[in-house]
Amino acid sequence: MAATDHPSSAELGAESADLAARNLQERLMASGHERPEEDRCPICLDLIEFPVPEHSATNVCCMKKVCNGCILEARWRGMLDSCPFCRTKVPDNDESSLAMMQKRADKKDAEAIYQLGNAYRQGHFGMVKDVPRAIEMWTEAAELGSIHAHHQLGLAYCNGDGTKEDKPRGIRQWQQAAMRGDADCRHMLGVVEYNNGHGKVAVQHCMISAKMGYEKSLNGIKAMFTEGHATKAQYAEALIGYRDAVEEMKSPQREEAKRRGV
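The numbers in this note's numbering rise by one with no breaks, and the one at position 49 of the sequence shown is 77.
As structure tokens, then:
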């Protein structure tokens, strides 16, 4: 074979990149179909409804997300100023709350470090708003296993919030979280693919998160159906999966909590 018949370094590099991209796409679609365990209430063990922050509360004492239904039930049992999960007295000021969170962060608790990042981002607990510091905290939390930290990092890099805009880096953060079951990040990947003109791939992503009970993804598939990117059968599949997931997250206590505005 003549020397000219050998593929060039550039061609080999392109083939390698294409193969890596295909492998990543296969992993993305094959994994992350179930929500992470940290999205379950540690008391009733049911998955928390979306949006999770509206249907639960994270206590700084143990960093556990407890659903509103279990919070209401704890109040009925007279636990008005204690954590429903670990029974620790709930701090009544920012200084004590921050101290509890920092104590857990010092022990490399990923959720505590993630929440500290959120506090820096928003200027909560009496802290001065510091987005670059928040990114540092989220990066550490992500390295320790926090899925939700990947979500925040993705937003920061894609929007150039507190750091130089780097959309590919942000998308990689969302991919990491999506493969571990984060519905928010899975939906964002669908949005990215749709905006890049890849309607069929966008439908695949949104199908996964819609079946988790994520309403934005269901609405996205409905919109893509009207545009011709999704089939009627795909929309029907997404709708059935969405309804099943939502039904599984319901409980009498949670419905009563909604009625009472908990």
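Idealized CB from N, CA, C, for every residue including glycine.
What residues are listed by DSSP as bridge partners for residue i?
i	result
S110	K117
T86	K93
L75	R68
Could you compute how far the alpha carbon of residue i sits from the alpha carbon of residue j?
i	j	result
A206	I199	10 Å
D67	D46	34 Å
D158	A170	18 Å
T254	H61	25 Å
W166	A102	31 Å
T32	A58	Model confidence at T32 stands at a pLDDT of 49, short of 50, so the residue's coordinates are unreliable and nothing is read from them.
L144	A184	16 Å
A140	T259	43 Å
E77	H83	6 Å
I99	G154	26 Å
V88	K136	14 Å
E318	W104	The question about residue 318 has no answer, for the chain in this structure spans 29 to 290.
R197	P160	16 Å
C114	V290	20 Å
Please report the Cβ distance between residue i and residue j, rounded to the nearest whole angstrom; I am assuming they are in contact, meaning their Cβ atoms lie under 8 Å.
i	j	result
C213	H178	7 Å
A261	L246	Between L246 and A261 the Cβ distance is about 15 Å, and since that is not below 8 Å, they are no contact.
G241	Y263	At roughly 16 Å, the Cβ-Cβ gap does not stay under 8 Å, so G241 and Y263 are not in contact.
A162	G190	7 Å
A230	Y222	4 Å
Cβ-heavy atom distance between residue i and the ligand PLP below 7 Å?
i	result
S124	The ligand PLP is not among the ligands present in this structure, which contains no ligands whatsoever.
What are the start and end residues of each continuous alpha helix (DSSP H) run of 4 or more residues lying completely inside the region 198-235, in chain order?
211-223
How about the region 64-80 and the region 270-286: do they share at least three Cβ pairs that are nearer than 8 Å?
yes
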